[in-house]
Structure formats: structure tokens, C-alpha cells
Amino acid sequence: MVRDRRAEIVRAALELLDEKGLEAVSLRAVADRLGVRMNTVSWHVKTKAGLRDLMADAILAEIRLDDLPSPEEEAVRALLRRYRGAMLAHRDGGRVVAGTFTAEPATLRYADRLVGALLEGGLDERAAGWTAWTLIYFALGLVQEEQGAEREQGSLSDRLASALDVRAHPALVRVFPHLTEGSFDERFEYGMDRVLSPLA
114 MVRDRRAEIV
124 RAALELLDEK
134 GLEAVSLRAV
144 ADRLGVRMNT
154 VSWHVKTKAG
164 LRDLMADAIL
174 AEIRLDDLPS
184 PEEEAVRALL
194 RRYRGAMLAH
204 RDGGRVVAGT
214 FTAEPATLRY
224 ADRLVGALLE
234 GGLDERAAGW
244 TAWTLIYFAL
254 GLVQEEQGAE
264 REQGSLSDRL
274 ASALDVRAHP
284 ALVRVFPHLT
294 EGSFDERFEY
304 GMDRVLSPLA
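Numbering-wise (this note's numbering), the sequence shown opens with residue 114 and increments by one.
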């Protein structure tokens, strides 16, 4: 019964997240949505940080861990694409997951499958662990950038063009056309290629 009520609370929090964004999610807002007292919510999730951990785990629980391609390098790519997709499926999903360091069941299952695929692909234990970290950090950063761009006024290209100066930022001016070209999908695939080149 406790687990059912906790799941109900997390569902309500994710609904608030999708409707209004991360800033709107609080213990009081969840309680109001469910029509219960705030101490009922806090009894089950303890704190706002605890609620956020459970929200992040619920987002990762949406990732399918079966039906992966082979060889293992392609399985790693599929897992990372699904990770990104799960976060993008929720407004501010990247911020929710990035703001936690949770050891909840779905998070651990996903991490274990990712590391397992890296090990099966031939990396040693240290390389598998650190490559998993690198892939996760990369995906978290890119998703937050992608979701943030949806909220920003004006394009990145316009903002950079007005801020860069050839004398103060000569290297950035040289690469400027490449910083703003391509989609987030293309940047994501490029980043995976670079990180996973040892497996190729």
C-alpha cells in the first residue's frame, strides 16, 4: 500500500513536471493535485530531493532494456539513445535526472545493462565504468542544452554572432559556423562516435 501511494505521488509529480516545468513541482503542489495533506506526501517521499530522486528513477524506468541490437557497440548506442529519449519525453527531464545521484531500482538496472554491454564489447572494468560515466555525462548535458534551447528567446547563432569578437575570441570565430550547424540528433550521434571509437 505504501509503495502504491508513493507511485501515485511520483505520477502526480511527473504530470506537474510535464504541464508546468520543474519549478512548479513541490511537495505542496503534489499534495494539492492529489487532494491530500502535504504531510501525507512528505511521509512517503521525505523531502523534495527525495521526490526528485523518485521522479528521475521513474523516467529511467521507461527505458526498455530488451530487444537490443548486436554487436555490443550497437547495444550501447541503442541504450544511450533510449536514455536520451526517456528524458526528452518529459519537460525538463534532463534537469530532473541530472539533479540526482540516485541508487533506485530502475536507475541501477539501466546502469548495469549499459556497463554490461561495454564489458561484453571488450573494455576492461575501469574503461567500462569510466566510459559509462562519460556517456551519461554527455547525454545529460546535451539533453539539458536541447531542452533549454526550446525555452530560450532567439537562436544560439544570433546570440553568438553578436557576442564574438575576432580579436578577443579568435578560435571561436574560426569554428563559429560549425558550432551552430546541425541538429541535436547529429551532435548526439557525433559525440557517441567519439566516445565509443575504442569499441569500433
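Note that beta-carbon positions come from the ideal geometry of N, C-alpha and C, so glycine has one too.
Check whether the Cβ atoms of residue i and residue j sit closer than 9 Å, and answer yes or no.
{"i": "L292", "j": "L309", "result": "no"}
{"i": "A401", "j": "V288", "result": "Residue 401 lies beyond the range of the chain shown here (114 to 313); nothing can be said about it."}
{"i": "I176", "j": "V210", "result": "no"}
{"i": "R124", "j": "V158", "result": "no"}
{"i": "L192", "j": "L201", "result": "no"}
{"i": "G134", "j": "R204", "result": "yes"}
{"i": "L130", "j": "G206", "result": "yes"}
{"i": "A126", "j": "L164", "result": "yes"}
Using a Cβ-Cβ distance cut-off of 9 Å, determine whether residue i contacts chain D.
{"i": "A281", "result": "Protein chain content of the structure displayed is limited to a single chain, and chain D is not contained in it."}
Measuring alpha carbon to alpha carbon, tell me which of the options ends up nearest residue i.
{"i": "E302", "options": "V256, A142, L164 and P290", "result": "V256"}
{"i": "E259", "options": "D131, W156, L127 and R208", "result": "R208"}
{"i": "G235", "options": "E186, R165 and P283", "result": "E186"}
{"i": "D237", "options": "V138, P311 and H282", "result": "P311"}
{"i": "F214", "options": "I122, W246 and N152", "result": "W246"}
ask   = In the region 115-158, which residue ranges form an unbroken alpha helix (DSSP H) of at least 4 residues, counting only runs that do not cross its ends?
value = 115-133, 140-147 and 151-158
request  = Enumerate, from N- to C-terminal direction, the unbroken alpha helix (DSSP H) stretches of 4 or more residues contained entirely within the region 173-259.
outcome  = 185-201, 206-211 and 218-233
task = Would you check if there are 3 or more beta carbon pairs closer than 8 Å linking the region 192-202 to the region 145-153?
result = no
message = Below 8 Å, how does it come out for the region 238-257 and the region 211-229: are there three or more Cβ pairs, yes or no?
response = yes
task = Please determine if the region 164-171 and the region 206-223 are in contact, where contact requires at least 3 C-beta pairs separated by less than 8 Å.
result = yes
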